[in-house]
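Residue numbers (my numbering): 147 to 490.
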């Protein structure tokens with residue numbers, strides 16, 4: 147169900163709706179007509195406000211948790227508020243300073259990402275999340291160790307000293323000498339390249355007959371490169387900081403469901419990947435994403451980029467649907483831009 151255009155609401159309905167949403171975000175409880183009549187500058191009686199609230203409920207923008215309770219915004223209502231009514235406020239000098247301090251700290255990129263995410267968590271009172279750039283290992287040395295007639299252990303040593311081992315299937319008929327020739331070729335011709343660059347170089351040399359390899363050895367080289375590249379692409383690193391913020395409040399069932407959701411990191415990575423295609427923040431409210439359809443949680447996420455403008459990661463927060471979007475959205479956006487300046 148889509149929310150109605152904000153222009154379809156009368157001035158009176160917009161004002162009543164706005165005050166209900168802002169009160170709910172601040173206090174987390176339903177708002178009654180009597181309370182709203184005291185807060186509102188419209189000069190409406192409780193009875194008039196109840197009529198407006200009933201109209202908003204029929205549009206799917208408000209809901210009553212109990213018969214005698216006040217109203218609170220639905221997820222559809224929150225989406226209408228975020229897209230059409232929210233007035234954002236820029237991060238304060240203190241908030242910007244806290245983020246810049248961590249971004250500018252003399253540390254590894256991984257440490258900076260983790261610490262910046264922790265600061266974002268503290269400032270927003272949500273769990274901070276960051277999708278770390280996929281690790282592109284630079285080839286330093288490769289060796290192949292025979293294990294069985296059709297299997298071998300491929301050992302890749304990266305320029306940073308890291309070691310990756312893979313058991314690979316060998317093309318039928320590969321002699322032991324082909325393992326040595328394949329390793330020698332990679333070490334001589336593909337040294338110093340990333341796996342993606344190495345695969346491209348190999349293809350170029352094959353196409354121009356500069357790869358002095360027989361068909362079986364060439365197949366072995368390709369098998370090794372594909373194995374490492376595919377595995378690396380499937381293992382993006384997700385950092386979550388400040389999960390303790392998620393356990394605040396009395397709704398323990400919702401919290402347990404949310405923590406279970408966070409254990410399914412593969413689904414969360416896919417959600418963050420979907421946020422990497424935009425220019426600015428993306429907001430996922432509750433059931434808009436199936437991962438958080440039961441826990442009633444929202445995600446605000448923004449991509450950060452390399453100096454060439456390529457998206458290399460996503461930073462954001464997870465919190466309840468009633469989080470302060472007007473304050474947190476600019477904070478996440480500022481953090482993403484600060485990380486982009488660091489990596490540029």
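Glycine included, each C-beta is placed from N, C-alpha and C at the ideal position.
Since this is a predicted model, take the numbers as computed values, not measurements.
Buried versus exposed, by CB contacts within 10 Å (16 or more), residue i
i           : result
residue 466 : buried
residue 133 : Given that the chain is displayed from residue 147 to residue 490, the structure contains no residue 133 and the question cannot be resolved.
residue 449 : buried
residue 248 : buried
residue 364 : buried
residue 436 : exposed
residue 341 : buried
residue 254 : exposed
residue 241 : buried
residue 325 : buried
residue 329 : buried
residue 327 : buried
Inter-residue spacing [alpha-carbon to alpha-carbon] between residue i and residue j
i           : j           : result
residue 169 : residue 469 : 12 Å
residue 236 : residue 206 : 31 Å
residue 443 : residue 432 : 5 Å
residue 195 : residue 182 : 8 Å
residue 302 : residue 285 : 7 Å
residue 480 : residue 260 : 16 Å
residue 223 : residue 485 : 32 Å
residue 212 : residue 175 : 12 Å
residue 246 : residue 227 : 30 Å
residue 193 : residue 180 : 8 Å
residue 456 : residue 164 : 38 Å
residue 491 : residue 483 : The structure shown does not extend to residue 491, since the chain is modelled only from 147 through 490, so no value can be given for it.
residue 366 : residue 310 : 17 Å
residue 414 : residue 189 : 46 Å
residue 420 : residue 250 : 28 Å
residue 157 : residue 272 : 33 Å
residue 154 : residue 304 : 60 Å
residue 347 : residue 307 : 23 Å
residue 201 : residue 430 : 26 Å
residue 238 : residue 266 : 13 Å
residue 268 : residue 392 : 12 Å
residue 288 : residue 368 : 13 Å
residue 418 : residue 215 : 36 Å
residue 162 : residue 177 : 10 Å
residue 208 : residue 278 : 38 Å
residue 171 : residue 458 : 32 Å
Own chain, CB closer than 6 Å to residue i, minus 5 neighbours either side, in chain order
i           : result
residue 300 : 290, 312, 314 and 370
residue 197 : none
residue 276 : 259, 263, 385 and 461
residue 390 : none
residue 151 : none
residue 167 : 219 and 227
residue 210 : 217
Same chain only: Cβ atoms within 7 Å of residue i, ignoring 5 sequence neighbours per side
i           : result
residue 264 : 274, 387 and 388
residue 473 : 235
residue 232 : 471 and 472
residue 362 : 317, 319, 320 and 324
Residues near residue i in its chain [Cβ-Cβ closer than 8 Å; skip 5 each side]
i           : result
residue 318 : 296
residue 344 : 285, 332, 336 and 371
residue 434 : 221 and 225
residue 478 : 266, 270, 427, 446, 447, 448, 461, 462 and 463
residue 160 : 152 and 231
Jot down the residue ranges of each uninterrupted beta strand (DSSP E) in the segment 293–373, minimum 3 residues, whole runs only, in chain order. 297–304 and 309–315
Length-filtered (4 minimum) alpha helix (DSSP H) runs lying within the segment 152–212: 157–173, 179–185 and 192–204
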